[in-house]
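Asks: Quick note, the sequences are listed as chains V and E, same order.
In terms of our numbering, the first sequence has 178 at position 193, counting the first letter as 1, and numbering is strictly consecutive.
If you want our numbering, it's the position in the second sequence, counting the first as 1, plus 1393.
Take this structure first; my questions come after.
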Amino acid sequence: MALLEIRGLNKSYQDHRVLTNIDFTVETGEFLSVIGPSGAGKSTLLRCINRLVEADSGEILFNGENILTLGRKSLRKERANIGMIFQHYNLVPRLTVIENVLHGRFGYKSTLQGMFGIFSEEEKERAFYLLEKLGIAEHAYKRCDQLSGGQQQRVGICRALIQDPKLILCDEPIASLDPHSSKVIMDYLKSITEEMGITCIVNLHQVEVAQSYSHRIIGLNKGHLVFNGPNRQLDTHHIGEVYGMDTRELITV
Amino acid sequence: MLTDQKRLSRKWQHLFLLIIVCCFTWLSIEMVQFDFYQSLLAIPTAGLWMVENLWITADTWREFPDIMLKLVETILMSVAATTIAAFISFFLGISGSTTTRRNGLMAGLSRGIASVARNIPVVAWALILLLSFGQNSLTGFLALFVGTVGFLTRAFMETIDEVGLKPFEALTATGATYFQVISKAVIPQALPQMLSWMLFMIETNIRSATLVGILTGTGIGYTFDLYYKTLNYEAVALVTLLIILTVIAIELTSNRIRKVIL
Ligand SMILES: Nc1ncnc2c1ncn2[C@@H]1O[C@H](COP(=O)(O)OP(=O)(O)O)[C@@H](O)[C@H]1O
Ligand SMILES: [Mg+2]
């Protein structure tokens, strides 16, 4: 059974259709990239999966359960199984790195435990282990706003990993980073899939990055799925289709 | 880039606006028959009167303990009104902010309360409340309280708005509950700014409390009024001096606190 199966997904804002009839499946352990011009609906697609955005119609089967019909409690449980990484990291800037990482455990805690910040020794050890793994353990007690972009994104990855997720959604994780940090982050994401077997869906706007990292690529254009295949299948013709223009134009841009 | 033509028309707009303001000022002066020249002439005379009458002598210092007692009472009342108002505003701010609001009705309600409470001046509140509660310290307290709820709710809402949706979304995505998100993403980020607004309101309220006290017959305002009406101008001067010193002291203290928390 596929880990994630999306069927006939539609979403519009007022009269503006953002996603039209999206169908695709994602297998466990896959590294999937979603490409497309800005405004194509990549972020909206990702946000429908963990219901930060409510879809209009369709089905999103995650682990065989339809996410779109879950009640509040079970939605919370499923969200804990899905990590998310953002373009702007979305940390709480005034809090320390370790505090931000532990936020990833809230999905498993009662409201009061969360509000009073009660974490087990195991959870704290795990947080430090992850910081160590991502090479930022020395910054554990620094405030997040004192870190560089690349370091903040690594904190974001730790926060997602401590959830013990089956799936991680990454919305343009490297769009605000310099080339070096971008490579570091992409390498970490790739190793998450390969070493931990966690499935990753990554929104990207750099085609070459998508081609060199992913198993499979999905192309969106104006809310339509126009490409779905292994990365080597994505040739200039397909790229032109995704970006809605001549490839030669794309290269000179 | 602005084209030259646009820049020129912008210039004319400004000139036009200036002329309108001038006309309006002149018209208003004519209408209320405010004689600018005469008022200018009155300034030296008034200054002379102040120097002659508002002279604090050793005698006046006998009133010092009484005045201090009232002053402390006023400060405590301002602090109490502000902190209790801040507590209420905190909840109104969370239910009204675009980041944290949960339903439109509550949001509209808290915005409405904030707007009504804020747009009526504290003195007007004092006069209105005077009718139903009479001349006592509760009236003064309520007047400050209502005005402060209005101001702080608005300030807190904007502070929470500024925190933005980003951490809120990130924590929601981990499966956190609404209250976990509020207490761990929104509050840590907004609290220092909120405390800063609260300190600002304490300063403002100590100032307003004097004025409100004159109306409600309580606190330092009452003392001021009493000396004023009994023509004890030296004591009036002393009261004024002490109020000024207090306000400065409070302002310095809160600036210190701000430096630490922000
Ligand atoms: N909250 C919203 N309200 C209205 N329109 C939105 C909203 N969010 C996104 N959109 C619109 O949906 C379209 C797709 O947006 P998005 O999913 O962010 O695209 P991408 O991530 O591919 O750049 C855009 O045209 C955008 O203007
Ligand atoms: Mg986007």
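Using N, Cα and C, we set each Cβ at its ideal position, and we do this for glycine too.
Give me, in chain order, the residues of the same chain whose beta-carbon lies closer than 8 Å to that of Thr178/V; leave out the 5 immediate sequence neighbours on both sides.
Replies: Here the set comprises Gly14, Glu15, Phe16, Thr184, Cys185.
Asks: Determine, using beta carbons only, whether Ser118/V and Val82/V come nearer to each other than 8 Å.
Replies: According to the sequence displayed, residue 118/V carries Lys and not Ser. No. Outside cutoff.
Asks: Anything in chain V within Cβ reach of Phe1480/E, meaning under 8 Å, just list it in chain order.
Replies: Result: empty, since nearest Cβ-Cβ is about 17 Å, beyond 8 Å.
Asks: If you draw a straight line from the C-alpha of Lys1399/E to the C-alpha of Lys27/V, how long is it?
Replies: The straight-line gap from Cα to Cα measures roughly 41 Å.
Asks: Find the residues of chain V that neighbour Lys1622/E, judging by a C-beta separation of less than 7 Å, and give them in chain order.
Replies: Residues of chain V passing the Cβ test: none, with the nearest at roughly 52 Å.
Asks: What's the gap between the Cα of Lys1404/E and the Cα of Leu1410/E?
Replies: Cα-Cα distance, rounded: 10 Å.
Asks: Going along the chain, which residues of its own chain have a beta-carbon closer than 8 Å to the beta-carbon of Ile1506/E, five neighbours each way excluded?
Replies: Counting only Cβ-Cβ distances below 8 Å, and skipping sequence neighbours, we find Leu1485, Val1542, Gly1543, Thr1546.
Asks: Are Leu76/V and Gln136/V touching if we call contact CB-CB under 8 Å?
Replies: It is not a contact, given that the beta carbons lie outside the stated cut-off.
Asks: Closer than 8 Å is the cut-off here; do at least three beta carbon pairs connect the segment 221 to 228 of chain V with the segment 33 to 43 of chain V?
Replies: No, because fewer than three Cβ pairs between the segment 221 to 228 of chain V and the segment 33 to 43 of chain V fall closer than 8 Å, the two stretches do not touch.
Asks: Thinking C-beta only, is Glu1596/E closer than 8 Å to Val1640/E?
Replies: Yes. Within cutoff.
Asks: Which residues bound the alpha helix (DSSP H) around Asp1397/E?
Replies: 1397 to 1425 is the extent of the alpha helix (DSSP H) around Asp1397/E.
Asks: Could you give the C-beta distance for His88/V and Arg32/V, rounded to a whole number, given that I count them as a contact under 8 Å?
Replies: 19 Å between Cβ atoms; not a contact.
Asks: Taking 8 Å as the limit between beta carbons, can you name the residues of its chain near Ile170/V, skipping five residues before and five after?
Replies: Answer for Ile170/V: Gly135, Gln138, Arg139, Ile142, Pro158, Ile159, Leu162, listed in chain order.
Asks: How should Ala65/V be labelled, buried or exposed, when 16 other C-beta atoms within 10 angstroms of its C-beta is the threshold for buried?
Replies: With 16 or more other Cβ atoms within 10 Å, it is buried.
Asks: 8 Å is my cut-off, CB to CB: does Leu(-11)/V come that close to chain E?
Replies: Not one chain E Cβ lies under 8 Å of Leu(-11)/V.
Asks: Residues bridged to Tyr254/V by DSSP?
Replies: Residue 254/V lies beyond the range of chain V shown here (-14 to 238); nothing can be said about it.
Asks: Alpha carbon to alpha carbon, how far is Leu146/V from Phe1483/E?
Replies: Distance between the alpha carbons of Leu146/V and Phe1483/E is about 33 Å.
Asks: Please list, in chain order, the residues of the segment 152 to 175 of chain V that have any C-beta partner in chain E closer than 7 Å.
Replies: Hits within the stretch: zero.
Asks: Could you list which residues in chain V have their beta carbon closer than 9 Å to that of Glu1596/E, in chain order?
Replies: Going along chain V, no residue has its Cβ under 9 Å from Glu1596/E, so there is no contact; the nearest lies around 25 Å.
Asks: Using only the alpha-carbon positions, how far apart do Thr1492/E and Gly1501/E sit?
Replies: If you take the alpha carbons of Thr1492/E and Gly1501/E, they lie about 14 Å apart.
Asks: When burial is assigned at 16 or more other CB atoms within 10 Å of the CB, is Ser1490/E buried or exposed?
Replies: When all chains shown are included, Ser1490/E counts as buried.
Asks: From Thr1633/E to Leu1619/E, what distance separates their C-alpha atoms?
Replies: Going by the C-alpha atoms only, they are around 13 Å apart.
Asks: Starting from the C-beta of Met69/V, find all residues in its chain whose C-beta is less than 6 Å away, skip the five residues before and the five after it, and write them out in chain order.
Replies: Counting only Cβ-Cβ distances below 6 Å, and skipping sequence neighbours, we find Leu154.
Asks: Nearest to Asp1554/E by CA position, among Leu1608/E, Thr1567/E, Ser1488/E, Arg1600/E, is which residue?
Replies: Of Leu1608/E, Thr1567/E, Ser1488/E, Arg1600/E, the residue nearest in Cα terms is Ser1488/E.
Asks: Taking all protein chains shown into account, do 16 or more other C-beta atoms lie within 10 angstroms of the C-beta of Met1591/E, making it buried, or fewer, making it exposed?
Replies: Its Cβ being crowded by 16 or more others within 10 Å, Met1591/E is buried.
Asks: In this structure, how does DSSP classify Met(-14)/V when only helix, strand and coil are distinguished?
Replies: DSSP places Met(-14)/V in coil when its eight states are reduced to three.
Asks: Near Glu12/V, which residues of its chain fall below 8 Å by C-beta distance, leaving aside the five closest residues on each side in sequence?
Replies: The answer, listed in chain order, is Ala(-13), Leu(-12), Thr184.
Asks: Have a look at Ser1402/E and Ile1412/E and give me their C-alpha separation to the nearest angstrom.
Replies: Straight-line Cα distance between these residues: approximately 15 Å.
Asks: Measure the alpha-carbon distance for Lys58/V versus Arg1504/E and round it to whole angstroms.
Replies: Spanning the two alpha carbons is a distance of roughly 31 Å.
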